[in-house]
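The numbering of the sequence shown is numbering that gives the first Met the number 0, which starts it at 0 and goes up by one. Heads up: the structure comes next, in structure tokens.
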Amino acid sequence: MQAPKAMEKAVDSINEQGADLIINGGDLIHLGFRLSEPAAEKRWDIYMGLHEAIRGEIFSTLGNHDLVAVSPKDGSPPSKDPRAMFRTRLGLERCYYSFDTLGYHFVVLDSTLIKAQEASYGGWIDPEQLEWLKEDLSKLPPSTPTVAVTHYPLLTNFYAATVGATQATPEKFVISNNVEVLKCFAGHKLILVLQGHIHVDELIRWRGITFITGGAICGAWWRGPRLGTKEGYGMVTLDGDQVSWRYIDYGWEAKRRRTACCDPVKTV
Ligand SMILES: [Fe+2]
Numbered sequence: 000m001q002a003p004k005a006m007e008k009a010v011d012s013i014n015e016q017g018a019d020l021i022i023n024g025g026d027l028i029h030l031g032f033r034l035s036e037p038a039a040e041k042r043w044d045i046y047m048g049l050h051e052a053i054r055g056e057i058f059s060t061l062g063n064h065d066l067v068a069v070s071p072k073d074g075s076p077p078s079k080d081p082r083a084m085f086r087t088r089l090g091l092e093r094c095y096y097s098f099d100t101l102g103y104h105f106v107v108l109d110s111t112l113i114k115a116q117e118a119s120y121g122g123w124i125d126p127e128q129l130e131w132l133k134e135d136l137s138k139l140p141p142s143t144p145t146v147a148v149t150h151y152p153l154l155t156n157f158y159a160a161t162v163g164a165t166q167a168t169p170e171k172f173v174i175s176n177n178v179e180v181l182k183c184f185a186g187h188k189l190i191l192v193l194q195g196h197i198h199v200d201e202l203i204r205w206r207g208i209t210f211i212t213g214g215a216i217c218g219a220w221w222r223g224p225r226l227g228t229k230e231g232y233g234m235v236t237l238d239g240d241q242v243s244w245r246y247i248d249y250g251w252e253a254k255r256r257r258t259a260c261c262d263p264v265k266t267v
């Protein structure tokens, strides 16, 4: 199995950057949704070994793959709380939270909607979290530069660019109530939204807010680059309200690569 070796290489590269903080965009394990709880524990063990090897403070975001035992394929009972393992392993009370550092306010969102009956998921910020977000922001001086972090994107052109400009983006790629979420930031100084899930490097500037969709350490799920984005991670530099972004290829070359351009609408 190549993934642990690749991830070690990624950890070395991340440690060389000497970043002030590290933000993990989610999907720390793969396909937890369909695993039994004991099988998922094994995947978390592997991930945590790497997590602990990263130097510096890490802030983690829940991804759809981090949900455990929603619909186990081996027929074992579903979990009563599919987010519990993520919280326990990462020492979090809740999957959405905020923190302040280096003169910036960071809001980390839990953007996965579980659709247990369909054994599926989508992007969504639930009403309780929206209330929390408004309350959290209300305590801030409006001039505080703020960064939002979310696994599912709040804004992306991925679907338009790969499937067609007139096609609506399905909720498996984006937060479906994105406008409602962005309205919560009205009157505040949201400068940056860091997003994941899609495994491509994309940057959009809209009304003074920079939306960055990062690539992925695994690229196209360990089968080479994903639609031109290599296996990698991003480095953000903040200077006041200015945001700059560099995508870093940490040098991993997949042994088994996809021969054709990978399917843009592959389930992410
Ligand atoms: Fe994802």
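Even glycine gets a Cβ: it sits at the ideal position worked out from N, Cα and C.
Residue of the options minimising C-alpha distance to residue i
| i | options | result |
| --- | --- | --- |
| H196 | P71, A215, D125 | A215 |
| W43 | L139, T209, L30 | L30 |
| N176 | A38, I247, I124 | I124 |
| G227 | I203, V267, K114, D248 | D248 |
| P3 | G102, F105, T209, A52 | A52 |
| S299 | W251, G239, I21, L20 | Coverage of the chain is limited to positions 0 through 267, which leaves residue 299 absent and any answer about it impossible. |
| A39 | P169, S70, Q16 | S70 |
| Y95 | Q16, G102, A83 | A83 |
| P76 | T100, F32, T87, W131 | F32 |
| R204 | A167, T168, S243 | S243 |
CB contact flag (residue i, residue j, <8 Å)
| i | j | result |
| --- | --- | --- |
| Y151 | S110 | yes |
| P81 | V162 | no |
| E36 | A68 | yes |
| Q241 | T212 | no |
| A159 | V192 | no |
| L108 | T149 | yes |
| F172 | E201 | no |
| T178 | D135 | The sequence shown places Val at residue 178, rather than the Thr named in the question. No, they are not a contact pair. |
| H104 | T155 | no |
| A115 | G55 | no |
| I208 | L237 | no |
| V153 | F210 | Looking at the sequence shown, residue 153 is not Val but Leu. Contact: yes. |
| H198 | A219 | yes |
| R222 | R245 | no |
| Q1 | K254 | yes |
| M6 | L49 | yes |
| C183 | K138 | no |
| L112 | G102 | no |
| W251 | K79 | no |
| I45 | I21 | no |
| R86 | M47 | no |
Residue i - partner residues in DSSP beta bridges
| i | result |
| --- | --- |
| Y246 | G233 |
| T228 | R225 |
| Y120 | I113 |
| V107 | Y96, V148 |
| T295 | Since the first and last residues shown for the chain are 0 and 267, residue 295 lies out of range. |
| F58 | I22 |
| D238 | Q241 |
| L189 | T145 |
| I174 | G122 |
Looking at C-beta atoms only, is the number of pairs between the stretch 46–64 and the stretch 17–37 that lie closer than 8 Å three or more?
The answer is yes - the stretch 17–37 touches the stretch 46–64, with three or more Cβ pairs under 8 Å.
Pair every Cβ in the stretch 226–234 with every Cβ in the stretch 5–24, then say whether three or more of these pairs are closer than 8 Å.
Yes: the two stretches touch, three or more of their Cβ pairs being nearer than 8 Å.
Just to be sure I understand the criterion: a residue counts if its Cβ is closer than 7 Å to at least one heavy atom of ligand 1. Which residues meet that?
G25, D26, G62, N63, H64, H150, G195, H196, V267
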